[in-house]
Amino acid sequence: MASKLWGSRFTGSLSKLSEKFTHSISYDSKLALYDCVASLAHAQMLGEQGIIPKKDASAITAGLKTLIKMVEDGKYVYDPDAEDVHTDIQVKLRKLVGQPADKLHTARSRNDQVVTDVRLYCLDHLENIIALIDGLQIALVNFADKNQDVIIPAYTHLQSAQVVLLSHQILAYVEMLERDKGRFEDAKRRTNINTLGACALAGTSLPTNRDFVTEKLGFAMTAANSIDSVSDRDFIIEIMAASAITGMHLTRVCEDLILWVTSEFNFIALDDAFCTGSSIMPHKKNPDVLELVRGTTSKFPGRLVELFVLMKGLPMTYNRDMQMDKPALFDCVETMEDILEIMAQVFSGGIKIKRDVLKARITSEYFFSVDILDYLVKKGVSYRDAHDTVGAMVKECLDHGRKISDMNVAQLKRYSMHFEDDMRNLLRPEVSVQIKKSMGSTNPDMVKAQINKWKKRLK
Ligand code: ARG
1108 MASKLWGSRF TGSLSKLSEK FTHSISYDSK LALYDCVASL AHAQMLGEQG
1158 IIPKKDASAI TAGLKTLIKM VEDGKYVYDP DAEDVHTDIQ VKLRKLVGQP
1208 ADKLHTARSR NDQVVTDVRL YCLDHLENII ALIDGLQIAL VNFADKNQDV
1258 IIPAYTHLQS AQVVLLSHQI LAYVEMLERD KGRFEDAKRR TNINTLGACA
1308 LAGTSLPTNR DFVTEKLGFA MTAANSIDSV SDRDFIIEIM AASAITGMHL
1358 TRVCEDLILW VTSEFNFIAL DDAFCTGSSI MPHKKNPDVL ELVRGTTSKF
1408 PGRLVELFVL MKGLPMTYNR DMQMDKPALF DCVETMEDIL EIMAQVFSGG
1458 IKIKRDVLKA RITSEYFFSV DILDYLVKKG VSYRDAHDTV GAMVKECLDH
1508 GRKISDMNVA QLKRYSMHFE DDMRNLLRPE VSVQIKKSMG STNPDMVKAQ
1558 INKWKKRLK
């Protein structure tokens, strides 16, 4: 059995099952690097403040540096019998540097240690997630840029509605991701706080210098309240909430692609790198990667609820329940990183647009009904009346299998005296997007300006 950081108060020992049940080393070993880095700053502070002899502080820092190198080189192997990562690092340090290691735990507790380690872990991963969102946005903007002229049907209620530029829809995803990134950036601000030095919960009577540690670890500020420091996990909940929203957005992107790749839609082809086959139906090529991104994201709201239930109603301050924040957090953050990366790959080279199919899909004149309506409004007809006119025209065409473009001006005038020959110019997808004028619309010049804006901003 590995030695514990407690024990002298006990005569008996933990049962085998309790030990297995309470140990967290199998998952919190991920924090080893952060545990060493935080301990290093703490040891230096203890030496600087004269709380421990300078030579002991030096011995501890040398040992911790060795351990950091081991973690970085992938040579750190945790002892499965250690209670948690803090114990494991402490025991390993003792083996490396001997007695001075026993002074490291002065003026701290595992309560402030664990939350500080987790904050450092989160800051690293937040930076990574933010960069990965940038990467996906860049892939999307480049994809929009390359396919600027492609027109697609757009849907409401999954019924054909109007035509838009594909690039316009792709930029909608970029906007969503920008807000997602903002949420992670917000979470980062509230994560970037040094909680080390709060000790068990009350602070310490020893003359520590908390700002020294804050600065060494690169935190933006020192936590103001020791009770809050060891109790708070809302920075984790915030990261998971941001993940849940981002994940939800990504499922919608995936769903569009999954629909578009069906033989019924057939708008795009997906590269083999993102598909798998069927063991029984030889013709099948399934978009499994997209389906699994869609499926995997279900864990974000699930894990978020887990954290809410975990924290709800816990009395101040630290409770061992809080150990269970880690499997949820790690799972969430690492999955987020994986799916952002794979989605960027999908958009940078994984999608082939079937231009001919798309061209054939946007010939229906119903796509232009709103444009015809606007034509009448521009001639002074009220929107209500214009709606009735175009509605009647569409109904009759549908009932008799007729096309608006086949009607001559006299026939058109049976619906409205305001119709002239030029109305029939509206019955083309290129015109439909071109005549849009409102800010944020699918007008090609406006979309192009947006693409250029994003290119500049994401550089
Ligand atoms: N493994 C523990 C956790 O993750 C570390 C803190 C233990 N603190 C304690 N007082 N037992 O929360």
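With the first letter of the sequence shown counted as 1, position 358 gets the number 1465 in this note's numbering; the numbers rise by one all the way through.
Ideal Cβ positions, reconstructed from N, Cα and C, are used throughout, including at glycine.
Every value quoted in this text rests on a predicted model; they were computed, and no experiment measured them.
- Here residue 1313 is actually not in contact with residue 1219; their C-beta atoms are around 13 Å apart, not less than 8 Å.
- Placement of the Cβ of residue 1393 at a distance of 7 Å or more from every heavy atom of the ligand ARG is found.
- The DSSP-derived three-state label of residue 1434 is helix.
- Excluding residues up to 5 positions away in sequence, 1531, 1534 lie with their Cβ nearer than 6 Å to the Cβ of residue 1512 in the same chain.
- Judged by DSSP secondary structure, residue 1377 falls within the beta strand (DSSP E) whose first and last residues are 1375-1377.
- Rounded to the nearest whole angstrom, the CA to CA distance from residue 1554 to residue 1328 is 42 Å.
- Excluding residues up to 5 positions away in sequence, 1185, 1192 lie with their Cβ nearer than 6 Å to the Cβ of residue 1136 in the same chain.
- Distance from the CA of residue 1145 to the CA of residue 1325, rounded to the nearest whole angstrom, comes to 10 Å.
- In the DSSP secondary-structure assignment, residue 1383 is bridged to 1393.
- Within 7 Å of the C-beta of residue 1433 there is at least one heavy atom belonging to the ligand ARG.
- Of the candidates 1377, 1407, 1412, 1377 places its Cα closest to the Cα of residue 1395.
- Per DSSP, the unbroken beta strand (DSSP E) holding residue 1272 starts and ends at 1266-1272.
- From the listed residues 1214, 1404, 1537, 1115, the smallest Cα separation to residue 1154 is found for 1214.
- Assigned with DSSP and collapsed to three states, residue 1358 falls in helix.
- Sequence-distant Cβ neighbours of residue 1525 in its own chain, meaning closer than 7 Å and more than five residues away, are 1483, 1486, 1488.
- For residue 1408, the enclosing alpha helix (DSSP H) has its first and last residue at 1406-1418.
- For residue 1232, same chain residues with a beta-carbon under 6 Å away, outside a window of 5 residues either side, are 1440 in chain order.
- In the structure shown, residue 1422 adopts coil according to DSSP, grouped into three states.
- Shortest gap from the CB of residue 1135 to any heavy atom of the ligand ARG: under 7 Å.
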